[in-house]
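See structure below.
Rendered as structure tokens:
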């Protein structure tokens, strides 16, 4: 093991030098790839280093090796798995011991006797690692798992739970090999996949069978893999950025720092925002495809994953909400994403955007946040949203041509913040405003529930909507229904 540690130290040192320390000298060397690092079984080496590293490697090499592993391979270590996964089931192998040949036979046809399948999976989980156990575990990923996925409608939940537990333990022992073989099983692809493909584009990970994302236990595995490859992808993009920056500095000593860094950051953010948008779509798909309890579990898992990404990169929260997503998901995101409160910082800017879709999205998000966090800080946010709704209610499209010329004049000589609101009338029809107002009518009720003293301002919005859209039966009915809800809410608050 000591020699393997030295080889690992050499490989990581070379990669580190090629990434950070070119010293302006041209070279055509390439870094050691993921396939080479996979052969070391990094987790096993780290366990060895933790036990005997100081004694066998010396303090200096011990510290440098751990530093290199942390810098380059942190995506292989799942803290949540280490904290939540038990290592043994007490006395399980004595109670239900199955011989290896019989285990292989059961795993080849896991649907036939699912109770036996669960027993085998749990026995593998409880057994001490050795070559035979590792081969059986790999068989579970490569043969048993695809078979279960193909017949997912007939698989009992307890089998999926056992699969998840065994996978967690496998991932902690050999994450790189386990992640890659699992993705191959999830996708059902016959083409060979490698780590570098996922490092270059993490979106490829979503090329899995649809039912994988509809089963909570498999979704949990998928999100673990996704998180690991996301961190690895960031590092991959950063290493390319550093290489390009060094090449640029060699070409021109006096050159201003190139836009490569900005492009790589934009690329990473674009990829990760796309991932989050796809996960939000999974929530929508799950509502029609699974049971109520599974839908709730899927929502919690995905929102927990998104919360972690928002904590790692707060700019992602702003990017996702300026892109907007299906408004029907706002209630879910506000309820389950713990860090959603960061949206309060940029909601005024979002509601001031010239696109009415963003204004409507911002108003509804503001109402949900005020309902969840009825704090003093949110009062001004609520007032701003109500003011925005009132402006929308007063822009019914009747003066579009007159405002166009005013907007042009203002565009040439004014930096007023309201300029965007005037230009908005050039591009949005009366029916767009009507649809937007009808969509956010219920937001008024939420504002009143959170802050009853805003009831008068909310009623003013209803009056303006009824007056300016008096010819629309839809609007009149919506205003009446909202007023009834608002009145009921006020009365219930008074009775309390």
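Residue numbers (this note's numbering): 1115 to 1610.
Virtual Cβ for every residue (Gly too), placed ideally from N, Cα, C.
Cβ separation of residue i and residue j, assumed to be a contact under 8 angstroms, to the nearest whole Å
i, j, result
"residue 1440", "residue 1398", "6 angstroms"
"residue 1277", "residue 1327", "The Cβ separation is near 15 angstroms, so there is no contact."
"residue 1430", "residue 1390", "7 angstroms"
"residue 1263", "residue 1323", "6 angstroms"
"residue 1381", "residue 1350", "That belief does not hold up - the Cβ atoms of residue 1381 and residue 1350 are roughly 11 angstroms apart, past 8 angstroms."
"residue 1435", "residue 1417", "Incorrect: roughly 14 angstroms between the Cβ atoms, too far for contact."
"residue 1507", "residue 1556", "Contact flag wrong, Cβ pair sits at about 15 angstroms."
"residue 1559", "residue 1600", "5 angstroms"
"residue 1255", "residue 1292", "7 angstroms"
Start-to-end residues for the alpha helix (DSSP H) that takes in residue i
i, result
"residue 1439", "It is not in any alpha helix (DSSP H) - residue 1439 carries neither H nor E in the DSSP assignment."
"residue 1309", "1309-1314"
"residue 1550", "1544-1564"
"residue 1476", "1470-1486"
"residue 1328", "Residue 1328 -> no alpha helix (DSSP H), and no H or E assigned at all."
"residue 1263", "1259-1264"
"residue 1578", "1569-1582"
"residue 1587", "1587-1609"
"residue 1243", "Taken as a continuous stretch (DSSP letters only), residue 1243 belongs to no alpha helix (DSSP H), as it is neither H nor E."
"residue 1292", "1289-1301"
"residue 1320", "That residue, residue 1320, is in no alpha helix (DSSP H); it is neither H nor E in DSSP."
"residue 1462", "1461-1465"
"residue 1254", "Residue 1254 -> no alpha helix (DSSP H), and no H or E assigned at all."
"residue 1421", "1406-1426"
"residue 1495", "1490-1508"
Neighbour-count burial assignment, residue i, 16 or more Cβ in a 10 Å radius
i, result
"residue 1483", "buried"
"residue 1348", "buried"
"residue 1338", "buried"
"residue 1344", "buried"
"residue 1268", "exposed"
"residue 1454", "buried"
"residue 1587", "exposed"
"residue 1376", "exposed"
"residue 1593", "buried"
"residue 1297", "buried"
"residue 1305", "exposed"
"residue 1288", "buried"
"residue 1548", "buried"
"residue 1082", "Any property of residue 1082 remains undetermined from this structure, which presents the chain solely from 1115 to 1610."
Residue i versus residue j: straight-line alpha-carbon distance, rounded
i, j, result
"residue 1294", "residue 1432", "32 angstroms"
"residue 1392", "residue 1609", "44 angstroms"
"residue 1505", "residue 1316", "42 angstroms"
"residue 1497", "residue 1568", "8 angstroms"
"residue 1525", "residue 1502", "A caution first: residue 1525 carries a pLDDT of 40, below 50, which makes its placement in the model unreliable, though a value can still be read off. Cα to Cα, residue 1525 sits roughly 21 angstroms from residue 1502."
"residue 1408", "residue 1221", "26 angstroms"
"residue 1228", "residue 1273", "7 angstroms"
"residue 1307", "residue 1325", "21 angstroms"
"residue 1126", "residue 1341", "22 angstroms"
"residue 1208", "residue 1243", "Caution applies to residue 1208, whose pLDDT of 46 falls short of 50 and renders its modelled position unreliable; the model cannot decide the point."
"residue 1214", "residue 1336", "29 angstroms"
"residue 1603", "residue 1570", "13 angstroms"
"residue 1223", "residue 1290", "27 angstroms"
"residue 1282", "residue 1300", "16 angstroms"
"residue 1450", "residue 1270", "27 angstroms"
"residue 1598", "residue 1573", "11 angstroms"
"residue 1566", "residue 1606", "11 angstroms"
"residue 1437", "residue 1473", "12 angstroms"
"residue 1332", "residue 1423", "20 angstroms"
"residue 1492", "residue 1245", "59 angstroms"
"residue 1425", "residue 1309", "26 angstroms"
"residue 1447", "residue 1591", "29 angstroms"
"residue 1584", "residue 1543", "16 angstroms"
Cβ shell of residue i (< 7 angstroms), same chain only, five flanking positions each side left out
i, result
"residue 1212", "1233, 1234 and 1237"
"residue 1302", "1260 and 1323"
"residue 1251", "1238, 1280 and 1284"
"residue 1388", "1317"
"residue 1477", "1465, 1499, 1502, 1503, 1554 and 1557"
"residue 1475", "1438 and 1441"
"residue 1485", "1560, 1563 and 1564"
"residue 1329", "1266 and 1274"
"residue 1421", "1451, 1452 and 1453"
Nonlocal neighbours in the same chain, by C-beta distance under 6 angstroms from residue i, ignoring five residues either side
i, result
"residue 1480", "1461, 1495 and 1499"
"residue 1401", "1409"
"residue 1241", "1247"
"residue 1178", "none"
"residue 1404", "1328"
Close-in-space but distant-in-sequence residues of the same chain around residue i (CB under 8 angstroms, 5 per side omitted)
i, result
"residue 1442", "1398"
"residue 1182", "1123, 1126, 1127 and 1130"
"residue 1614", "What is shown of the chain runs 1115 to 1610, which leaves residue 1614 out entirely."
"residue 1415", "1330, 1333, 1334 and 1337"
"residue 1383", "1427, 1429, 1430 and 1433"
CB contact below 8 angstroms: residue i versus chain D
i, result
"residue 1596", "This model lacks chain D altogether, as it is built from one protein chain only."
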